[in-house]
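Below is one structure, written out as structure tokens; comments come after it.
Number of protein chains: 2
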Amino acid sequence: MSKPKLTPSSFIGNQEEGVISFGSGQPDLPPPKEVYQILPHYRDFKYGQVQGQFKLREALAWHYPKSSAESFVITNGASEALDLTLRVLARNGDQKPNKVLMARPYYYSYPHIAQAAGMDPIFTDLIDGRIDIEDFERKIKDCKAVIINSPSNPTGRVESVETLQRIEELTSQYRVYVLSDEVYKDLIYVRQNYLIKGPHVVTINSFSKTYAMCGFRVGYLWSLDQDLVNAVIDMKSHTSMNTNILGQEMAYEATKVPSDFIYNQLEVWKKRRDLIYDGLKTLGLDLWKPEGAFYVLPFVGNSQEFVTDMFYEYKVITYMGDWFGAPGRVRFSYALDAKRIEEGLNRVGDYLKSKKKKASPKKAEAVAA
Amino acid sequence: MSKPKLTPSSFIGNQEEGVISFGSGQPDLPPPKEVYQILPHYRDFKYGQVQGQFKLREALAWHYPKSSAESFVITNGASEALDLTLRVLARNGDQKPNKVLMARPYYYSYPHIAQAAGMDPIFTDLIDGRIDIEDFERKIKDCKAVIINSPSNPTGRVESVETLQRIEELTSQYRVYVLSDEVYKDLIYVRQNYLIKGPHVVTINSFSKTYAMCGFRVGYLWSLDQDLVNAVIDMKSHTSMNTNILGQEMAYEATKVPSDFIYNQLEVWKKRRDLIYDGLKTLGLDLWKPEGAFYVLPFVGNSQEFVTDMFYEYKVITYMGDWFGAPGRVRFSYALDAKRIEEGLNRVGDYLKSKKKKASPKKAEAVAA
Numbered sequence: 422m423s424k425p426k427l428t429p430s431s432f433i434g435n436q437e438e439g440v441i442s443f444g445s446g447q448p449d450l451p452p453p454k455e456v457y458q459i460l461p462h463y464r465d466f467k468y469g470q471v472q473g474q475f476k477l478r479e480a481l482a483w484h485y486p487k488s489s490a491e492s493f494v495i496t497n498g499a500s501e502a503l504d505l506t507l508r509v510l511a512r513n514g515d516q517k518p519n520k521v522l523m524a525r526p527y528y529y530s531y532p533h534i535a536q537a538a539g540m541d542p543i544f545t546d547l548i549d550g551r552i553d554i555e556d557f558e559r560k561i562k563d564c565k566a567v568i569i570n571s572p573s574n575p576t577g578r579v580e581s582v583e584t585l586q587r588i589e590e591l592t593s594q595y596r597v598y599v600l601s602d603e604v605y606k607d608l609i610y611v612r613q614n615y616l617i618k619g620p621h622v623v624t625i626n627s628f629s630k631t632y633a634m635c636g637f638r639v640g641y642l643w644s645l646d647q648d649l650v651n652a653v654i655d656m657k658s659h660t661s662m663n664t665n666i667l668g669q670e671m672a673y674e675a676t677k678v679p680s681d682f683i684y685n686q687l688e689v690w691k692k693r694r695d696l697i698y699d700g701l702k703t704l705g706l707d708l709w710k711p712e713g714a715f716y717v718l719p720f721v722g723n724s725q726e727f728v729t730d731m732f733y734e735y736k737v738i739t740y741m742g743d744w745f746g747a748p749g750r751v752r753f754s755y756a757l758d759a760k761r762i763e764e765g766l767n768r769v770g771d772y773l774k775s776k777k778k779k780a781s782p783k784k785a786e787a788v789a790a
Numbered sequence: 422m423s424k425p426k427l428t429p430s431s432f433i434g435n436q437e438e439g440v441i442s443f444g445s446g447q448p449d450l451p452p453p454k455e456v457y458q459i460l461p462h463y464r465d466f467k468y469g470q471v472q473g474q475f476k477l478r479e480a481l482a483w484h485y486p487k488s489s490a491e492s493f494v495i496t497n498g499a500s501e502a503l504d505l506t507l508r509v510l511a512r513n514g515d516q517k518p519n520k521v522l523m524a525r526p527y528y529y530s531y532p533h534i535a536q537a538a539g540m541d542p543i544f545t546d547l548i549d550g551r552i553d554i555e556d557f558e559r560k561i562k563d564c565k566a567v568i569i570n571s572p573s574n575p576t577g578r579v580e581s582v583e584t585l586q587r588i589e590e591l592t593s594q595y596r597v598y599v600l601s602d603e604v605y606k607d608l609i610y611v612r613q614n615y616l617i618k619g620p621h622v623v624t625i626n627s628f629s630k631t632y633a634m635c636g637f638r639v640g641y642l643w644s645l646d647q648d649l650v651n652a653v654i655d656m657k658s659h660t661s662m663n664t665n666i667l668g669q670e671m672a673y674e675a676t677k678v679p680s681d682f683i684y685n686q687l688e689v690w691k692k693r694r695d696l697i698y699d700g701l702k703t704l705g706l707d708l709w710k711p712e713g714a715f716y717v718l719p720f721v722g723n724s725q726e727f728v729t730d731m732f733y734e735y736k737v738i739t740y741m742g743d744w745f746g747a748p749g750r751v752r753f754s755y756a757l758d759a760k761r762i763e764e765g766l767n768r769v770g771d772y773l774k775s776k777k778k779k780a781s782p783k784k785a786e787a788v789a790a
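Protein chains in written order, with my numbering: chain P, 422 to 790; chain G, 422 to 790.
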């Protein structure tokens, strides 16, 4: 029996008994209980503002400098915020070519979303998981926009404040829009988040990771370029209208939750990070130490074989680095409890041992022949 | 003081005391109570399937011939279903030019949504509110897709079954995709809905009008072209991912509500339809009798003046026909109770009388001069 070829959607919703999933990138711990408390008496049903509910935008404005409720658009997750922004930029009449720079490895939707918007993805390869600012500068001049994702999915790396500030300067100098995807901004282990700023910046965020509200699809964008914000609202008024009114109400409740919620989550993530990083290191794999988000991206050589064998023979879900522009690597999401992470690590260890064994007799045969 | 220029967004969310709104196209009566009953104990939070929740798609499949849950994608309202479908068609490699035929007057988002997807809108002008099948045939040959909207927003007209069948034939013959926007399919006063069918048909629908769930943004598309359905899912996996999981759960509850809910609503709409149609007729306006949906589109001559004066001087919201490709006309949505409709009609009557008065002295003066 041959093993069917795997894609990310092979795994979605897999809840098979005994399977350990390092696949999907979503928190396993529930949202703050407050987001459910409004449900029993909720009775609204009419259209909301396309831009998003005023009180939610006003609550967000407290966390962003120089801004008001007008600077935000509430979207169907960060995905729609990225999609709308790129679609607007692709049509903005700017003389620049419709190219979007992005670091590689990248979040797997970035190239698709760029192309769907009518823009060409251009890649700058990370060195040791970090932006190579020289290559970045060479390529940025010719682009209309760049997507920055720090902390990064899939690398787990956080760019230095110095690099982010250099990016602010270069993009300002070359008049390039920055789409800063900061959905993991509250999951940084090494420092506070650094907010990329400037009139040419669109910050993209969501309630999915910080508040574990993935399924409710409430994201947003923030920009001080009011024309751009208005163009996004206009586009959204035709393509999806308001974001689900109840999801927005739940997100608003999340904004009122004490920040202890975030710090407590971060503690949990940090312990898991240490567990999986040390575990994979001990197994001899080469990987970067995650500084944020909840992913590791070890080098395994043949990632297709690794992912396929781990799934069919060891019941462990991992994602192929190839899907993120990182061939030879494999992405592990560590959004699962310590016990399961340990069990998963054991299975990876067993697999690696069995591969070594298989390799050794062959070597012996080859010598004998 | 000059009166500021009005756009549809001038009116959104206007709840000023004493204003009668014939503006926004959304039911005023609430959804079935069943959709709220699941809220108190709801605790899910994870990503759902991008295609939509299986049980919801399975429930929908009961109402569509030859189909299964696989034939549906649950979307952020009918808007996203249209947007995704057009974006997929614009990139499908077909040799046909990227043109979309649509009847004029049209739903105001259609031309925008076509252009945003990278397609050119082509128009066929309605005759007395109905498709001119000869003009349709001349223009359809050169198009990749056509949007059909029967019952129509803004005309309130329903195409004859004969016309719809002729459209099935012509589009099949010329290999043109049909996007049949049937969001008003349960609001027809003159007959049962006729479902346009064929392997080249994408039917678009939503829970917004039938179940008054506009704000929750749950729509869907249905097609027997599985490649097209899969391409839409792929696109959506990058641009917005799953539709809000709780909205889908509420929509699923709506599918279980006895159909009496729909018939009772229809009775209410029909009474309102008679009230506003007879009322505007009596006031001497020229309009088509609505056969479905909840709009009338009378001819008023100077629609800019009508809408502006009615709003600023008579506190009545109406929409300019120009926004729907119908200059000289004005759209009234009759999604409000009978008492308010009557009050609105009185004010329109007062306005028309005052205009006549203003016109007459001038005439007299002209004669005197």
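Virtual Cβ for every residue (Gly too), placed ideally from N, Cα, C.
Check whether the Cβ atoms of residue i and residue j lie closer than 8 Å to each other.
i: residue 772 of chain G; j: residue 741 of chain G; result: no
i: residue 659 of chain G; j: residue 629 of chain P; result: no
i: residue 672 of chain P; j: residue 453 of chain P; result: no
i: residue 625 of chain G; j: residue 645 of chain G; result: no
i: residue 633 of chain P; j: residue 448 of chain P; result: yes
i: residue 667 of chain G; j: residue 667 of chain P; result: yes
i: residue 691 of chain G; j: residue 759 of chain G; result: no
i: residue 550 of chain G; j: residue 754 of chain G; result: no
i: residue 424 of chain P; j: residue 684 of chain P; result: no
i: residue 547 of chain G; j: residue 575 of chain G; result: no
i: residue 728 of chain G; j: residue 698 of chain G; result: no
i: residue 749 of chain G; j: residue 770 of chain G; result: no
Counting along the chain, where does the alpha helix (DSSP H) carrying residue i start and finish?
i: residue 546 of chain P; result: Premise fails: residue 546 of chain P lies in the beta strand (DSSP E), 541-546, not in any alpha helix (DSSP H).
i: residue 502 of chain P; result: 498-511
i: residue 700 of chain P; result: 681-703
i: residue 579 of chain G; result: No alpha helix (DSSP H) contains residue 579 of chain G, which DSSP labels as neither H nor E.
Using a Cβ cut-off of 8 Å (strictly closer), state whether residue i contacts chain P.
i: residue 437 of chain G; result: no
i: residue 660 of chain G; result: yes
i: residue 633 of chain G; result: yes
i: residue 539 of chain G; result: yes
i: residue 637 of chain G; result: yes
i: residue 422 of chain G; result: With a pLDDT of only 46 at residue 422 of chain G, under 50, the local geometry of the prediction cannot be trusted, and the value read off the model is given with reservation. Output row for residue 422 of chain G: interface = no.
i: residue 577 of chain G; result: no
i: residue 656 of chain G; result: yes
i: residue 723 of chain G; result: no
i: residue 445 of chain G; result: yes
Please work out which residues of its chain come closer than 7 Å, Cβ to Cβ, to residue i, disregarding the five sequence neighbours upstream and downstream, and give them in chain order.
i: residue 561 of chain P; result: 522, 567, 591, 592, 595 and 597
i: residue 519 of chain P; result: 511, 539, 540, 541 and 565
i: residue 789 of chain G; result: Low confidence applies here, because residue 789 of chain G scores a pLDDT of 48, under 50, leaving its location unreliable and the question unanswered by this model.
i: residue 440 of chain P; result: 736 and 738
i: residue 664 of chain G; result: 473, 495, 496, 497 and 639
i: residue 422 of chain G; result: Its pLDDT being 46, under 50, residue 422 of chain G is placed unreliably by the model, and the measurement read from it follows with that caveat. Nothing meets the Cβ criterion.
i: residue 579 of chain G; result: 571, 572, 609, 611, 712 and 713
i: residue 652 of chain G; result: 509
What residue range is occupied by the uninterrupted beta strand (DSSP E) comprising residue i?
i: residue 563 of chain P; result: Here residue 563 of chain P belongs to no beta strand (DSSP E), and DSSP marks it neither H nor E.
i: residue 626 of chain G; result: 622-627
i: residue 520 of chain P; result: 520-525
i: residue 668 of chain G; result: Premise fails: residue 668 of chain G lies in the alpha helix (DSSP H), 666-676, not in any beta strand (DSSP E).
i: residue 598 of chain G; result: 598-602
i: residue 751 of chain P; result: 751-754
For residue i, which residues of its own chain have a beta-carbon under 6 Å away from its beta-carbon, when the five flanking residues on both sides are left out?
i: residue 504 of chain P; result: 534
i: residue 478 of chain G; result: 490 and 493
i: residue 766 of chain G; result: 700
Measure the beta-carbon distance from residue i to residue j and round it to whole angstroms, keeping in mind my assumption that it falls under 8 Å.
i: residue 493 of chain P; j: residue 616 of chain P; result: Their Cβ separation, rounded to whole angstroms, is 14 Å, which puts residue 493 of chain P and residue 616 of chain P out of contact at 8 Å.
i: residue 577 of chain G; j: residue 711 of chain G; result: 3 Å
Let me see if you follow: with CB-CB separation under 8 Å, is residue i close to chain G or not?
i: residue 534 of chain P; result: yes
i: residue 466 of chain P; result: yes
i: residue 642 of chain P; result: no
i: residue 686 of chain P; result: no
i: residue 574 of chain P; result: no
i: residue 547 of chain P; result: no
Report all residues from its chain with a CB closer than 8 Å to the CB of residue i; omit the five preceding and five following residues, and keep chain order.
i: residue 469 of chain G; result: 663, 664, 666 and 669
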